[in-house]
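Working notes, beginning with the structure itself.
Residue numbers (our numbering): 33 to 159.
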């Protein structure tokens with residue numbers, strides 16, 4: 033399995049949908065065909081690409097071919113993405129702190145405005 037084959041396999045939305053289905057449990061081809069709404073030949077082609085990329089395994093069960101997700105390539109992909117996930121987490125943490133600071137500043141300004149409004153109230157006319 034090459035990295036290019038893995039990325040190519042996951043680039044297609046139909047194949048990602050199949051991976052999502054197989055994440056739940058192993059499935060026979062007919063069930064994948066029905067769930068994806070694709071023709072049997074089209075589904076078989078997508079399954080072949082996923083199998084060639086190492087993302088799925090197939091076993092024969094009597095007359096049925098049952099496909100299951102192989103977790104190893106997904107774990108490799110997760111390991112490759114880990115530094116980028118950390119980068120995003122740090123960036124989102126900084127953004128969260130800035131938003132909290134801005135929110136605190138807004139609340140302080142609102143309180144100051146309310147104090148000024150109370151101090152500048154016009155006297156009510158007396159009858």
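Ideal Cβ positions, reconstructed from N, Cα and C, are used throughout, including at glycine.
C-beta atoms of residue 96 and residue 60 nearer than 7 Å: Yes, Cβ-Cβ distance for residue 96 and residue 60 is below 7 Å.
Within 7 Å, strictly: CB atoms of residue 88 and residue 70: In this structure, residue 88 lies away from residue 70, with their beta-carbon atoms at least 7 Å apart.
Continuous alpha helix (DSSP H) assignments of at least 4 residues falling wholly in the segment 67-119: Qualifying alpha helix (DSSP H) stretches, in chain order: 72-84.
Once you ignore the five residues that flank residue 55 on each side, which residues in its own chain have a CB closer than 8 Å to its CB? Beyond the five residues adjoining it in sequence on each side, residue 55 comes within less than 8 Å, by CB distance, of 101 in the same chain, given in chain order.
Locate the alpha helix (DSSP H) running through residue 35, then write down its first and last residues. Taken as a continuous stretch (DSSP letters only), the alpha helix (DSSP H) holding residue 35 covers 35-43.
Give the straight-line distance between the Cα atoms of residue 73 and residue 65, rounded to the nearest whole angstrom. If you take the alpha carbons of residue 73 and residue 65, they lie about 9 Å apart.
Put residue 57 into one of helix, strand or coil per three-state DSSP. Coil, per DSSP.
Residue 35: which of 86, 48, 62, 91 sits nearest, CA to CA? Measuring from the Cα of residue 35, the nearest candidate turns out to be 86.
Quick one: what's got a C-beta closer than 8 Å to residue 105's C-beta in the same chain, skipping five residues either side? For residue 105, where only same-chain residues beyond five positions count, the Cβ hits under 8 Å are 33, 38, 85, 86, 87.
Using CA atoms only, rank isn't needed, just tell me which of 125, 99, 113 is closest to residue 62. Nearest option by C-alpha distance: 99.
I need the straight-line Cα distance from residue 46 to residue 118, nearest angstrom please. If I take the Cα positions, the gap works out to 29 Å.
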